[in-house]
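>
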Amino acid sequence: MEGRWGGGLWGCPRGGTDFRFRPPRPADSSLQPSGNVRPLTEEESRVTFGKMAKYVGENLQRLVDRPDGTSCFRLHNDRVYYVSEKILKLAASISGDKPVSLGTCFRKFTKSHRFRLHITALDYLAPYAKYRVWIKPGAEQSFLYGNHVLKSGLGPITENTCQYQGVVVYSMADVPLGCGKVDPMVIVVFHQADIGEYVRHEETLT
Amino acid sequence: MGRKLDPTKKEKRGPGRKARKQKGAETELARFLPAAGDENSKRLSSRARKRAAKRRLGSAESLAMHKFPGAKPLPGKLPKGISGGAVQTPGKKGAQPLHHGTQGKKRPALTHSSEEEEVEEEDSEEDGVLNQGDLWGSEDSDADMIDDYGADSDSEGEDEDGELLPIERAAQKQKVQEAVAGGQWSEEETEEEEEKGSLQSCPQKDDETEGGLQINVDEEESFVLPLPGEMEQDAQAPDLQRIHKRIQDIVGVLRDFGTQREEGRSRSEYLHRLQKDLATYYSYGDFLLGKLMDLFPLSELLEFLEANEVPRPITLRTNTLKTRRRDLAQALINRGVNLDPLGKWSKTGLVVYDSSVPIGATPEYLAGYYMLQGASSMLPVMALAPQEHERILDMCCAPGGKTSYIAQLMKNTGVILANDANAERLKSVVGNLHRLGVTNTIISHYDGRQFPKVVGGFDRVLLDAPCSGTGVISKDPAVKTNKDEKDILRCAHLQKELLLSAIDSVNATSKTGGYLVYCTCSIMVEENEWVVDYALKKRNVRLVPTGLDFGQEGFTRFRERRFHPTLRSTRRFYPHTHNMDGFFIAKFKKFSNSIPQSQTGNSAASTPTSLDLPEVKGQVTPKPEGSSQPAKKARVAMKAKQQLQKRQHPKKASFQKQNGISKGTDSGLSTVSCDTKSQASSKLQDSSQPAQEIRGPKVTKKLKQQSATLLSSKKVAFRKLNGPPKGMDTEVPVLSLSKTQDTLKPEDCDQSLRSTRGTKKVKQQLPAQLSKRAAFRKQNGTPEGPETPVMSPLDSSQPPPAKRRKSQSRGSSHPVLS
């Protein structure tokens, strides 16, 4: 459910349209060979930034303009990669499906062109995250196995966290564990992605 | 604890009833048998017997105190088998003759059981670990052994009942026969001798036998036995203990071959036997074990084989992009992991002794705070020493440990191209790099040999080549048997191709780099030194120190092969010496982007920039090679066929020549060539014409880029000097260009060549010179066939003029060299 996202950086022209019903990806992006590394189209960019803004809010700008050089988003094989420009220069000479990964993979466009955040983006989201949730050690293991966090496992939480807010989950030792969505009911945090996926879902990382 | 009648197990010592409660039947029975020392000695070996004899004779007892501590370690070492045995032998040998005697004396003094045990253990080592049955059997033989020393061997044979019995008996008989024959003393033989003779008659032999130890019945006997018989036995039911003991014995014999060998048995027979036994005992294929025997001396071989049975300690590397080692260590210790810093050579390594949580699944691991990596895998990256903002290529990166280490050393700056040919393993690279927070990496899926065509010009390249894996046998025991000659050679071939591609991908003119590190997890010379030596010959690279101050130096020669002496800067690591996986690391520095051509004279593929170098070198190439008169004449004859050569040809030929001459640095070549040129010129000056003529061709060889016309004119002069009637006069006008030098040629013949040459040189024009020289050089240098006549006299004077011409060609007016 992506009804809202924090910050009006990428205000969707459709207002609060539920993305579940948004039109499929523009035709142009699907026509392009997925093998090449190419910049994101308008639509893809909107989707990408929209989703990220849920977690980092206004800090999105900081993500793009990094102190060590501009970073860009590139699409390759239905995944969005976040790379710095310097790396792109070298990557330009590698064509076809030879490039397997560039920089950091942020997102993956699923078959129905939905957008899935990858745990690999955690490093970038975590510092800029607006809303954070800390969970107790007991719930930590459970979360790492892909389970949702229950109210009992919840520790401190950032103030003003709204419903269905995207949050970054931390352990008590300030180790970022993953992201999720806040739910006011019994399940406090819907699990979205966790670092346990590095081990559990290694196959899907590429 | 149940009652254990295993003499190899050391009993608890100490006061109290229970300490002596369960010694084993043998010890308790011994109490009831005749006098302590005698029975034990009987059961154990001749050594005990001697001890008893000495005791009886009342020889020095004071020495007992010294010897005893020496005996102590034996039981402890017993479980370790070979190493214990191997170590014992020399120790024993060095032991005093009274060692056994003192031990025997000690027996009554100390706790009965301890004495017996030690002796038993020592003897069991001799006997190859006595079984319970043996112990019981030995008791029976004790009575026999008391009186009949000659029959000791027989009874000892009975000790190892069952398997060895018939063989033992035969062996004993043979031993006796040999002893009687008076051949060289083997340890058993000496023992036999002593038994037969007086116990104290041969103190020296005593030493040998006692020091020589526990050699039990066979080793030598086994050799005496017909091989088919032996092999049968081993094939049917290999008794590992027996083989193990035999291994120790053979090693002991080979250690002191001169005195301990059996007559009529050559060293190779012993080695062959040892190889078979080691292969059986450690489950190796014959091929690999043969290779290992070539590689290591015997004692090291045993340690290596033992080390391969045990896994190396788990080590991990802190990811400094996310945390510090001391914080990580603290966090892991809080989770229940027992760890320590890896060593002073590593600032990020930690070694894990044990852990209550799975070390590969802690939240810290998942958060990317550390990477599980072998200690030896950290070394090539330390040798590579990547700097920030560099472009690095990791050609075989899976599973990504080294790549991530490079990234953390570069602090996520610069660019790394992580490549691997295996798509499956690339997934783990992606996972690891993302987990560890590496952002400056592009991961690609190419065959390494496609570099640098895909992209080149890297500052540094790391090539962790696929290999046979003989250094990581402890991780993958299948390597013991599934590797043979073909596999090794195939690996070596692939590694050579990859290494050449890697070298070509390095940018020699990089400001901060130009380095390549080649490493394998193999200990085979074919995959390590041979490949490195091949690269040194084929490319403009040189070996530089790796920066690792520990590790064994690479070989500069191995069996029939000889490698470049700089291979001493490469490093080898072994599991048994460094407690890390077997590894080989070599660091290259590329000093030129040109690719040397083979000496067969193929067209140069070097880039235009590199042509300048060859040009220079061609000119100064110092090859005062002797050219015979006939050769010169042939060249002269070829003059008629000479054609003006383009500049490229001379350069190419010179390049080829130069490369054929040298393997190494351009600078070195130029300096050498300069020297030779000057030498040649001096020679020319000093010598008379004939001498000059002779030298001429040599000098001309150097001068590759001379004009054809000049060459031809020189040839004419040469011909005149030599006096061959080849119609040079006609040629002279033909060949001569509008150069005064042509006209001067006849003068040269008469005069000292130098003076004329000098004038010629000055007046020579560039193209003519070049073509001539090229032609001349070609004629001299290539066996393909002389194209241009050689102008020896002129050529002899060439060096200075050549240089000048060179400079002229370049537009400078100063001599380039000399």
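Quick note, the sequences are listed as chains A and B, same order.
Quick note on numbering: the first sequence equals residues 1 to 206 in UniProt numbering.
Quick note on numbering: the second sequence equals residues 1 to 818 in UniProt numbering.
We treat Cβ as the ideally placed atom computed from N, Cα and C, and that holds for glycine.
(1) I need the DSSP call for Met378 (chain B), collapsed to helix, strand or coil.
(2) Just to confirm before moving on: does the CB-CB distance between Leu350 (chain B) and Leu316 (chain B) stay below 7 Å?
(3) Output, in chain order, the set of chain B residues within a Cβ distance shorter than 7 Å of Val100 (chain A).
(4) Quick one: Cα of Asp581 (chain B) to Cα of Ser377 (chain B), how far?
(5) Using the C-alpha atoms, what's the distance from Arg267 (chain B) back to Asp447 (chain B)?
(6) Kindly indicate which residue of B:Arg326, B:Tyr353 and B:Lys347 has the alpha-carbon position closest to the one of Leu339 (chain B).
(7) Please return the same chain residues whose Cβ sits closer than 7 Å to the Cβ of Gly336 (chain B), not counting the five positions on each side in sequence.
(8) Would you decide whether Tyr145 (chain A) is buried or exposed? Buried here means 16 or more other CB atoms lie within 10 Å of its CB.
(9) List the residues that DSSP assigns as beta-bridge partners of Trp134 (chain A).
(10) May I have the straight-line CA-CA distance separating Ala383 (chain B) from Thr570 (chain B), to the nearest angstrom?
(11) Counting only beta-carbon atoms, is Thr120 (chain A) nearer than 7 Å to chain B?
(12) Taking only the alpha-carbon atoms, compute the straight-line gap between Arg74 (chain A) and Leu278 (chain B) and give it to the nearest angstrom.
(13) Could you give the DSSP three-state label for Pro363 (chain B): helix, strand or coil?
(14) So which of A:Gly180, A:Lys86, A:Pro127 and A:Gly155 has the shortest CA-CA distance to Arg62 (chain A)?
(15) Between the C-alpha atoms of Ala53 (chain B) and Asp286 (chain B), what's the straight-line distance to the nearest angstrom?
(16) Phe583 (chain B) and Phe591 (chain B) - do their beta-carbons sit closer together than 7 Å?
(17) Give me the chain B residues within the contact set of Val168 (chain A), using Cβ-Cβ distance strictly less than 8 Å, ordered along the chain.
(18) Just the Cα atoms here: how many angstroms apart are Glu193 (chain B) and Asp239 (chain B)?
(19) Would Thr512 (chain B) count as contacting chain A if we go by Cβ distances under 7 Å?
(20) Any contact between the stretch 287 to 299 of chain B and the stretch 365 to 380 of chain B? By contact I mean 3 or more CB pairs, one from each, below 8 Å.
(21) For Leu500 (chain B), collect the residues of the same chain with a Cβ closer than 8 Å to its Cβ; drop the 5 residues on either side in sequence, then sort them by chain order.
(22) Pick helix, strand or coil for Asn308 (chain B), following the three-state DSSP scheme.
(23) Against chain A, which members of the stretch 349 to 365 of chain B pass a CB distance test of less than 9 Å?
(24) Please check if any C-beta of chain A sits within less than 7 Å of the C-beta of Phe588 (chain B).
(25) Just the chain B side, please: which residues come within less than 9 Å of Ile94 (chain A) by C-beta, in chain order?
(26) CB-CB under 7 Å to Gly196 (chain A), same chain, minus the five flanking residues each way: which ones, in chain order?
(27) Run through DSSP, which three-state label would Leu154 (chain A) get?
(28) Less than 8 Å between the CB atoms is what I'm expecting for Arg325 (chain B) and Thr318 (chain B), so what's the real figure, rounded?
(29) On the premise that Gly456 (chain B) lies in contact with Asp123 (chain A), defined as a C-beta separation below 8 Å, what is that separation, rounded to the nearest angstrom?
(30) Assuming the contact rule is C-beta atoms closer than 8 Å, Ala492 (chain B) and Val531 (chain B) should be a hit. Round their C-beta distance to whole Å, please.
(31) Run through chain B and tell me which residues come within less than 9 Å of Glu85 (chain A), C-beta to C-beta.
(32) So, with DSSP's three-state summary, where would you put Glu388 (chain B)?
(33) Where does Glu84 (chain A) sit, in a helix, a strand or coil, going by DSSP?
(34) What does a CB cutoff of less than 7 Å around Phe563 (chain B) pick up in its chain, not counting 5 residues either side in sequence?
(35) My assumption, with CB atoms under 8 Å, is that Asn419 (chain B) sits in contact with Asp459 (chain B). Please give the rounded CB distance.
Taking the geometry as given:
(1) Walking along the second sequence from the start, residue 378 (chain B) turns up at place 378. Met378 (chain B) falls in the helix class under three-state DSSP.
(2) The residue given as residue 350 (chain B) occupies position 350 in the second sequence. The residue given as residue 316 (chain B) occupies position 316 in the second sequence. Yes.
(3) Stepping through the first sequence from its first residue, residue 100 (chain A) is reached at position 100. Within chain B, the residues Leu426, Val430, Ile443, Ser444 and His445 have their CB atoms less than 7 Å from the CB of Val100 (chain A), given in chain order.
(4) In the second sequence, counting from the first residue as 1, residue 581 (chain B) sits at position 581. In the second sequence, counting from the first residue as 1, residue 377 (chain B) sits at position 377. Spanning the two alpha carbons is a distance of roughly 8 Å.
(5) For the purposes of this step, residue 447 (chain B) is taken as the residue at position 447 of the second sequence. For the purposes of this step, residue 267 (chain B) is taken as the residue at position 267 of the second sequence. Going from the Cα of Asp447 (chain B) to the Cα of Arg267 (chain B) covers about 47 Å.
(6) For this step, residue 339 (chain B) is matched to residue 339 along the second sequence. Relative to Leu339 (chain B), the option among B:Arg326, B:Tyr353 and B:Lys347 whose CA is nearest is B:Tyr353.
(7) Residue 336 (chain B) sits at position 336 when you count from the first residue of the second sequence. The answer, listed in chain order, is Ser355, Ser356 and Val357.
(8) Locating residue 145 (chain A) in the first sequence gives position 145, where the first residue counts as 1. Around the Cβ of Tyr145 (chain A), a 10 Å sphere holds fewer than 16 other Cβ atoms; the residue is exposed.
(9) For this step, residue 134 (chain A) is matched to residue 134 along the first sequence. A:Tyr170.
(10) Locating residue 383 (chain B) in the second sequence gives position 383, counting from the first residue. Locating residue 570 (chain B) in the second sequence gives position 570, counting from the first residue. Each residue's CA atom was taken as its position, placing Ala383 (chain B) and Thr570 (chain B) some 11 Å apart.
(11) Within the first sequence, the letter at position 120 stands for residue 120 (chain A). Yes, Thr120 (chain A) counts as interfacial toward chain B.
(12) Residue 74 (chain A) sits at position 74 when you count from the first residue of the first sequence. Residue 278 (chain B) sits at position 278 when you count from the first residue of the second sequence. Those two C-alpha atoms are separated by around 58 Å.
(13) Position 363 of the second sequence holds residue 363 (chain B). Looking at Pro363 (chain B) - three-state DSSP - the assignment turns out to be helix.
(14) Within the first sequence, the letter at position 62 stands for residue 62 (chain A). Ranked by Cα distance from Arg62 (chain A), the first of A:Gly180, A:Lys86, A:Pro127 and A:Gly155 is A:Pro127.
(15) Position 53 of the second sequence, counted from the first residue, corresponds to residue 53 (chain B). Position 286 of the second sequence, counted from the first residue, corresponds to residue 286 (chain B). If you take the alpha carbons of Ala53 (chain B) and Asp286 (chain B), they lie about 46 Å apart.
(16) Taking the second sequence and counting its residues from 1, one reaches residue 591 (chain B) at position 591. Taking the second sequence and counting its residues from 1, one reaches residue 583 (chain B) at position 583. Using a Cβ distance threshold of 7 Å, Phe591 (chain B) and Phe583 (chain B) do not count as a contacting pair.
(17) Here residue 168 (chain A) is taken as the residue at index 168 of the first sequence, counted from 1. Taking a Cβ-Cβ cut-off of 8 Å, Val168 (chain A) has no neighbours in chain B, whose nearest Cβ is about 13 Å from it.
(18) If you number the second sequence from 1, residue 193 (chain B) lands on position 193. If you number the second sequence from 1, residue 239 (chain B) lands on position 239. Caution is warranted here: a pLDDT of 41 is assigned to Glu193 (chain B), below 50, making its placement in the model unreliable, and the coordinate value is therefore given only provisionally. Each residue's alpha carbon lies about 29 Å from the other.
(19) As a position in the second sequence, residue 512 (chain B) is number 512, starting the count at 1. By this cut-off, Thr512 (chain B) is not an interface position.
(20) No, the stretch 287 to 299 of chain B is not in contact with the stretch 365 to 380 of chain B.
(21) As a working mapping, residue 500 (chain B) is identified with position 500 in the second sequence. The beta carbon of Leu500 (chain B) lies closer than 8 Å to those of Ala535, Lys538 and Arg539 in the same chain, with the five residues before and after it left out.
(22) Taking the second sequence and counting its residues from 1, the one referred to as residue 308 (chain B) is at position 308. Looking at Asn308 (chain B) - three-state DSSP - the assignment turns out to be helix.
(23) Contact residues of the stretch 349 to 365 of chain B toward chain A are Gly360, Ala361, Pro363, Glu364 and Tyr365 (C-beta to C-beta distance below 9 Å).
(24) Residue mapping note: residue 588 (chain B) aligns to position 588 of the second sequence, counting from 1. Taking CB atoms only, Phe588 (chain B) has no neighbour in chain A less than 7 Å away.
(25) Translated into the one-based positions of the first sequence, residue 94 (chain A) becomes position 94. By Cβ distance, chain B contributes Leu417, Ile442, Ser444, Tyr446, Val454 and Val455.
(26) Position 196 of the first sequence, counted from the first residue, corresponds to residue 196 (chain A). Cβ neighbours of Gly196 (chain A) beyond the five flanking positions: Leu144, Tyr145 and Gly146.
(27) Position 154 of the first sequence holds residue 154 (chain A). Leu154 (chain A) falls in the strand class under three-state DSSP.
(28) If you number the second sequence from 1, residue 325 (chain B) lands on position 325. If you number the second sequence from 1, residue 318 (chain B) lands on position 318. Separation of the CB atoms of Arg325 (chain B) and Thr318 (chain B) is rounded to 4 Å, and the pair is thereby assigned contact status at 8 Å.
(29) The count along the first sequence starts at 1 and reaches residue 123 (chain A) at position 123. The count along the second sequence starts at 1 and reaches residue 456 (chain B) at position 456. The pair is not a contact, with the Cβ atoms about 31 Å apart (cut-off 8 Å).
(30) Here residue 492 (chain B) corresponds to residue number 492 of the second sequence, with the count starting at 1. Here residue 531 (chain B) corresponds to residue number 531 of the second sequence, with the count starting at 1. Yes, they are in contact, since the Cβ atoms of Ala492 (chain B) and Val531 (chain B) sit about 6 Å apart, within 8 Å.
(31) Position 85 of the first sequence, counting from 1, holds the residue named residue 85 (chain A). By Cβ distance, chain B contributes nothing, its closest Cβ being about 11 Å from Glu85 (chain A), past 9 Å.
(32) Residue 388 (chain B) sits at position 388 when you count from the first residue of the second sequence. Here Glu388 (chain B) sits in coil by DSSP.
(33) Counting from one through the first sequence, the residue named residue 84 (chain A) turns up at place 84. The residue asked about is misnamed: residue 84 (chain A) is Ser in this sequence, not Glu. Strand at Ser84 (chain A).
(34) The residue you call residue 563 (chain B) lines up with position 563 of the second sequence. Excluding residues within five positions, the ones whose Cβ falls inside 7 Å are Glu529, Asp533, Phe555, Thr556 and Arg557.
(35) Residue numbering aside, residue 419 (chain B) sits at position 419 when the second sequence is read from its first letter. Residue numbering aside, residue 459 (chain B) sits at position 459 when the second sequence is read from its first letter. No, Asn419 (chain B) and Asp459 (chain B) are not in contact; Cβ-Cβ is about 16 Å, not under 8 Å.
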